[in-house]
Amino acid sequence: MTSIPMGPQAALAAGVLGALSLGLMRKPPALALRALAVASVAGAMLLAVCSASDGYSSAIVLTDSKSIGWQYLIYLGALPLALWLDGEDDVLVALFLGATLGMSLLASASNLPMLFVALEFMSLPAYLLVARSRPGTRGLEAAIKYFFAGGVAGALFMLGLSLYYADTRSLAGSTDLTPLGQAGAGLMAAAALFKLGAFPLNWWLPDAYEAAAPEVSGFLSTAMKSAAVLFLMRLCELAPQAGFIAFLPAVGAVTALAGAVMALRQERLQRLFAFSSVSNAGLLILGVGAWAASGRSSEGVSALLFFLGAYAFMSNGTFAFIRYSGLETRAQLKGRGAAMPAAAAAFTILLFSLGGIPPTGGFMAKLLLLWRAVDADLYWPAAAGAVSALISLAYYLGMTRELWLEAPHGPEPKTGPGAPLVIACAVGVVLLGAAPWLMSSLSGALTR
Amino acid sequence: MTAAQVPWAAWLLFAAPVAAILIGFFGFRRFKPEWTHLPILASCAVVTASAFWLAAHVYTGHSFDLNLFRFAEAGDWAVDFGLRVDGPGVAVLAMVSFVGSLIHLYAAGYMKGDPGFSRFFLVFHLFFLAMIGLLTANNFVQLYLFWELVGVASYLLVGYWFHKETARKAALKAFLTNRVGDFGLLLAVLLIVLQFKITHFHLLYLKAASGATFELLPVIGFLLVWAACAKSAQFPLYFWLPDAMEGPTPTSALMHAATMVTAGVFLLVRSWPLISLVEGLPHLIAWIGAVTALGAAVVAGTKKDLKRILAYSTVSHLGLMMLALGLGQIATALFHLIVHGFFKAALFLCAGNIAHALHQPTANVDDVGGLQKSMRLTYLSFLLAALSLAGVFPLGGFFSKDAILDAAWHHGGALAVMGMLVAAGSAFYIFRMLFLAFYGARPEQKQAPHAHEAEPILGVPVLFLALGAAAAGLLKEPVERFVLMGWRGMPSGLAGLDLVLNLPGEPVLPHLNMTVAVLGTAMAALGAFAAWRLTMSDPGFDWRWRGGAAEAVFESDFGWKTLVDAFVRGVSRLAGFTGRVLDKGGVDGAVEGSAGFVRAAGAAIARSAQGRINDYLWWMLAGTAILLLRVLR
Amino acid sequence: MNAPLTMLWLTPLAGAAVCAFLARYGALFFSMLFAGLVAGVACGQSSGGVLSVVNELGPVWAYGISYRLSADSLSIGLIALTAFLNLICVAASWELEVPAGYWACFMALASALTGVFLARDLFFFYVFWEATLIPMFFIIGLWGSSNRLHAAVKFFLFTFAGSVFMLLALLALVSAHHRITGVWTWDLAALDATTLGPVAPLVFWGLIAGFAVKIPMFPLHTWLPDAHTEAPAAGSVMLAGVMLKMGVYGLLRVALPLFPTLSFEALPILGGLAAFSTIYGALCAMAQTDLKRMIAYSSIAHLGFCLLGVLSRTSQGLTGGTLQLINHGLTTGALFLMVGFLYERAHKRGLSDFGDLATRAPYLAFFFGFSTLASIGLPGLNGFVGEFMALSGALSVLPILAFAGVLGVTLAAAYALPAFQAVFWAPAGPGSVSAKVTDLNRRERAVLWTLSLLMLWIGLAPRPWLAYFEPALRGLVR
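Quick note, the sequences are listed as chains X, F and S, same order.
For what it's worth, my numbering labels the leading residue of the first sequence as 29, then goes sequentially.
For what it's worth, my numbering labels the leading residue of the second sequence as 1061, then goes sequentially.
For what it's worth, my numbering labels the leading residue of the third sequence as 9, then goes sequentially.
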């Protein structure tokens, strides 16, 4: 197969147009919309596979191995939402595909303005997704807050870009930086860290994740997180002398710890997983820092890829479980294991994986990431990351305990669709753990 | 010499008791518990015959010592187990097996009908077996094995009537105190391994006598003495023994006469070539012995319980043996050990007969009096044994005690005086006991309504023992010969053992010294007279002095028991503090607390931004500012 | 010789799957099969020396991780202990009313433990190491007693905390090796040969953190009393019998060979903590009012002896310390089983809840007394041999340690015997549940006879056992 430049993005753009077109009908056919969403994402994935063999680059976009790898991750993270999206709502489908398109563009952007454009392309639909995915005003409120904060982040990036350009007269990276350029790079990094949810730029995240429908939270925490990681990596590549890079491991360590610590006392599951996602983002930032510190090694890239890949399974799986089981709080988890054994067992596997217990993908992911940090002599951040994994285990185990070891009380919640997805994700993480070379050979092929 | 040349008798010493215990445990205990004693009595007979045969064998110059199998091994570290049948060992062995067998026979009558009859006999025989093993061990590890086994068996026997709280407490006290002593022995054995690389007695003797200096030897010696003090009930660790009479009377008899308490003295005899090399240590032993002997003799004169009087008497006599040891008189110490075995067993069994006649586990001087008429045979046995104990010529006790007094006299000074005082004290307490129990019938005593003579199975063994106690003086020469046999080169056995062993202070019994003999007898007479004066000519005296300050002093053994109790309470408080406060609150509290701290911290941070846009923006800008500051610095 | 070692850990894992359908019969069959297999491998080993299988997972595996199993006598000895105690556990819980998951958890646990003892690739070592936690978490959490939830989570988190640092240490080790040699490898034998330079202390103490929690060494021990007390009887047996041994095994297999000098320099600290553990454990045990908790604290003391011996790096210390691992498994296993039998009958464990059991349940009293004596180191029974040799080793290196250790031996009687007396000798108090206690049945007696005879055998003739372990430890002697 021959590769088509920007093929995946084209497929997604076509999907957006298609969804909007279908929306012109009085009563858009749900099945068609859903099929469109799945087909766009799957098509983008397929086209990404085709274009993996040869690179492509232009002034504003490029298709290098990282770009392809991250596109896989983004589509992998988006696929569950495409499958379970409310097909009645044509706008939602368009927003979803639009956000995915933004992420995809982010993965391919090769200079700073393009990064900004892609960032906004990704973010704007995401705000609306949060607002629209659930009936009621809570989503709206969270979306507005998210929008405000995101706007400020965008402004910071713009400001940083201006300062950076003023210093270097370049939009595609430079080596020497004066304090002006350093400040610009720092401001741009702050925007990226905001998207990732680094502490203390993370406060939008729990509100947004809690207010959105579970599957949307899953999408945000996987596909968008992947895109944001790449965003940060691109910044590191474009401004290799920037001072913020040396600061990344510490930011990551603090974020990992803070996220884990804050998740401890959360009662609502979606909020808990939001904080857990902050903690994982911290590890990712640490991973990016280690990757940058070790001369941007390919091992560092594959570690990040593996982590994000495993996390795509874990996070989508857990949010799918929340959607499937209809359970909203930890108290409601109590004793529910017996009522839904298969899904609950799969959920338990996902929890153990999130906690980093072998033999699961989550373990391998944490291992590879921390290993990069240790290899880059970042002992303290690595130790902090390990401690965050330990703290996070307290609530993952706590949920396991509530699910299986405690007595149920209260009415049985209504279960929804999604059990197969939970199980599929659990199988995925077990496969990744038991046979991690599946992923690593994939990533190895991609980053060659 | 190979294992094949070991005489049959030596194998039988172990084979018979082990077989008897196994048959008893798996056969009789399940199907015919009241017959459990049959295989065990048979085993006693076999053991006694074997022991005498071996004694004769050794007496004719055929002692042996050989390693039988390697117990444990790692690299160049090894421990061999073997068999040592030499003079000191076999001399004590003959006494132990003879006296022990008679006590077994007695027990068959005494324990008849007891619901735990079968259990009693099995453990009783185990006790006996452990002592045989201890006496024939050829190295320190093996000795330690049997030493501990003796301790466990005594624990089970003292606590035999475990429904009684006093029995449980006494058993625990006995075991734990011995454990405190074992601390010394275990450490000593470990140090011996470290210092000498071997634990075999005879090789150790040779090494120690080679003239090289061994810097750990003083520590080893001291620890061995410490261990012996616990097992042989010497000050400061004697206090378990008087309580240990909570067991059935045959247990007390066996423990006091043959098996348990003699082990400590025997340990010192075994390690004498090491101990004698440590300057000052023999002297320390002598002083420990003298102080214990005198203190216990005084306290024995104040006790009411018959068995308790005898228990303190044992402590006192063990003190005499220690005194003899400390003065370098190995043979004297062993001789007294053997004579003491006879008269003490007889006395205990007499006390048992009295208690048996009253149908109670133990008897008090308040309960009995004037038994001389109703229990003739017991009276006669008691009298013989008591006279022997008091050192009346020509009974056995006279010769053994005289030899010790003689040694003390030669040493001179305070030890000589203390020895004489002990002689007086011994006569006092035993005559007091004799008078109170068998004479009189005082108004203060509750006269036993139906005291009657015991049946033959209880009477005859006692009589034999008493006769033995009377005639034991004849053993003086053989024991001397046995001991010399032990120290000189072994005629056969391990390679290297035929080297001549030159030990400091060759043990030779002092010849009869008229001054000491007369003085000792006079002291005994003085004690006896005092006893007569206070019990016979002033019959109510023994009841009048009780309850005053004097009783408090004597009951607490001059305050030492109070100190020990305080120490035990201290340890138990320390344990309570460690387990309940330090571990629960401190260490575990820190662990649980840190978890709680992290949770609280999480809640606090999560509270700091409560979903207001203002909070978001503030944190964002603050975070960005920090980042910029770091970047620009 | 490829298949047998892989079979060793796969067999119980297959058993775990089968147990979901066949429950106890599956467990019995597979634990017997497993034991048979271990015996077979041990026999093959006695003629052929060290069994080993190396199976590289292929070049795609870019991290130097390879599937590498090997079994010397140390491994096989501990695997045999696992298989034996697993069988004992199945036999002892035969009449429990438990779902299939119970049996599956035990088989899975046996599999993971076997993996730990076989793995010679540190990656797999760690994976198996952590995998042991999951079945034990459920064993405690699902079939434990009243406070099981807290205990299960505490157990998991606490021991995981130690392993996290161990993992970091392993990562640093592999990275440092790569930096020096340019080769990525997790192979223990290959890592053994390199000198690490400045990161060495970091790696060493990280490893020690992981092992010390497992052992457990003061002050990292407080998960143990909770976990042991709340676990079901068979769970406590596996926990004390095998899982605690992982720590000492790790020390023997990883920390000592990799860091001969550092481990010696650390002797005053580690040995001091070990010696202190023996006294501290004994004192804590004295203060307990719960029978199981008391035995749990005694384990801390006992493992202190193992540690003392192993750390001394003398022939007798290493061999004795290793033998003590087996001894502790047998003795404490028997004690936990008996407390479990008591609990099954009366649903109580407190010292004051019983009394006069020597009259009511003479067999129980006999076996309990026997095991107690073995546990306090009575010569002639197994505990003595290990303790004596371990202390002898420690004495030759740092006498003060052995002194403290002997004090620990002395104190052992001060907690074990009063507890024995309170339960078996003292009259039953007013609130006592002794009336519910029936004597052991035939199955339970058979289990305990097996254990007791082994204790006696090791106690009287330990030489074959020592000779079995000694070759594997020879290389560690300083």
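Cβ atoms here follow ideal geometry from the backbone N, Cα and C, with glycine treated the same way.
This one's a predicted model, so the numbers in the text were calculated from it and none came from an experiment.
Annotation: the continuous beta strand (DSSP E) that includes R1144/F extends over 1137–1145.
Taking 8 Å as the upper bound on Cβ-Cβ separation, chain X lies near no residue of the stretch 1290–1307 of chain F. By the neighbour-count criterion, in which a residue is buried when 16 or more other Cβ atoms sit within 10 angstroms of its Cβ, F1618/F is exposed.
Distance from the CA of L143/X to the CA of Q269/X, rounded to the nearest whole angstrom, comes to 19 Å. The beta carbons of G325/S and P435/S sit no closer together than 7 Å. Per DSSP, the continuous alpha helix (DSSP H) segment holding F301/X begins and ends at 297–321.
The C-beta of H1343/F has fewer than 16 other C-beta atoms within 10 Å across all chains shown, which makes the residue exposed. Interface with chain S (7 Å Cβ-Cβ cutoff): V455/X is excluded. Collapsing the DSSP output to three states places F133/S in a helix. The secondary-structure analysis by DSSP pairs T91/X across a beta bridge with Y84/X. Within the same chain, Cβ atoms closer than 8 Å to the Cβ of G48/S are found at P12, the five residues on either side in sequence being excluded.
Residues of chain S with a Cβ closer than 7 Å to the Cβ of P387/X are, in chain order, V135, A139. Contact between the stretch 144–161 of chain S and the stretch 407–417 of chain X is absent, with fewer than three C-beta pairs closer than 8 Å. By the Cβ test, the stretch 1509–1523 of chain F is not in contact with the stretch 1619–1627 of chain F, since fewer than three Cβ pairs between them sit closer than 8 Å. The beta carbon of F378/S lies closer than 6 Å to those of S460 in the same chain, with the five residues before and after it left out. L1126/F is bridged by DSSP to L1143/F.
In this structure, DSSP gives A240/X a state outside helix and strand, which the three-state scheme calls coil.
Residue-level contact check: I1348/F does not touch chain X, since none of the beta carbons of chain X fall below 7 Å from its beta carbon.
Residue contact with chain X for G1646/F: absent (no Cβ-Cβ distance below 7 Å to any residue of chain X). Assigned with DSSP and collapsed to three states, F1131/F falls in strand. Taking C-beta atoms under 8 Å as the contact rule, L121/S and V250/S qualify, at a distance of about 5 Å. By the criterion of a C-beta distance shorter than 7 Å, V450/X is surrounded in its chain by G345, A348, F349, Y352, A371, A374, F375, once the five residues flanking it on both sides are discounted. By the criterion of a C-beta distance shorter than 6 Å, W1469/F is surrounded in its chain by A1476, V1576, once the five residues flanking it on both sides are discounted. Short of 6 Å from the beta carbon of H185/S, and not among the five residues preceding or following it, lie these beta carbons of its own chain, in chain order: L199, T202. Taking 7 Å as the cut-off, the Cβ atoms of V161/S and R429/X count as close.
Within chain F, G1135 have C-beta atoms less than 8 Å from the C-beta of V485/S, given in sequence order. By the CB criterion at 7 Å, A241/S and G348/S fall inside the cutoff.
For A79/S, the three-state secondary structure derived from DSSP is strand. Within the model, the alpha-carbon separation for G1412/F versus G341/S is close to 43 Å. V414/S sits away from K356/S, with the two beta carbons spaced by 7 Å or more.
Rounded to the nearest angstrom, the gap between the Cα atoms of G123/S and V46/S is 13 Å. Counted as a single uninterrupted DSSP element, the alpha helix (DSSP H) harbouring T196/X occupies residues 166–196. The alpha-carbon of G317/X is positioned some 14 Å away from that of L224/X.
Taking the C-beta atoms as reference points, V256/S is found no nearer than 7 Å to L93/S. Segment contact: the stretch 382–397 of chain X against the stretch 128–140 of chain S, three or more CB-CB distances shorter than 8 Å; contact assigned. In this structure, DSSP gives A469/S a state outside helix and strand, which the three-state scheme calls coil.
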